[in-house]
Structures are given as structure tokens and as C-alpha cells.
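In this text, residue positions in the sequence shown follow our numbering: the first is 209, and each later residue adds one.
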Amino acid sequence: MSWKKKYRCSRCGYEADIYEGRGLFRQQITPVVCADCQSIQQLVVGGIIADVAPSFRSEVGRLCLQCGSSRLSLWDGHTCPKCGGTMQFTGEQDYWT
């Protein structure tokens, strides 16, 4: 089962959807921060796709889905990539099985 949670920055209002759990094909979705476009991106990691495409086995060497930058780091679950404020869970979430 997996779910999508909405986060919002208390300072600047930036919003991001963060996916948790495992997908249909056992993949994990990892939130990363792009230093260049200052956004949170979701990278698909592992699962069946990693068996076919080895580059999907980890976050290493991946590019930002928005701007193509390689300057990605794991999101800490709290810090806004735009202003450095605090991202807070809004209480909105959708579930998938």
C-alpha cells in the first residue's frame, strides 16, 4: 500500500506531494531536493524496473525531473527547498493499494 501526502511551507507557501510506501511493482518513491531549481522531486527507486534498468537501483547519478540538474540530495522531510522554512504535513492524503 502507498499514499500521497501534501506538505506546505509555513513561511513561503511552497507545496509538494510526497509519496510513501511501495508501488505496484515493488518500487519505492524517494523525495529529493534539487539545489538548482529549488524543488522537491520524486525519484522511482528499485522494484521490477531496477531489474531491467540498473540506473534505477539507487538515487546515485540521477537527474532532476524538472531541470535536469545532477545536484540532488535526499529531502530531510522538513526543510523547504525554496526558502529554508519548515514544511508541514497539511493533513491531506490519498491512499492506493
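Ideal Cβ positions, reconstructed from N, Cα and C, are used throughout, including at glycine.
- Taking a C-beta distance under 8 angstroms as the contact criterion, residue 236 and residue 289 do not qualify as a contact pair.
- Sequence-distant Cβ neighbours of residue 297 in its own chain, meaning closer than 7 angstroms and more than five residues away, are 213 and 215.
- Across the set 268, 282, 210 and 220, the C-alpha of 210 shows the shortest separation from the C-alpha of residue 231.
- Annotation for residue 258: the continuous alpha helix (DSSP H) segment containing it runs 255-260.
- With distances taken between CA atoms, residue 238 lies nearest to 280 out of 280, 222 and 244.
- Comparing alpha-carbon positions, the option among 219, 222 and 226 lying closest to residue 302 turns out to be 226.
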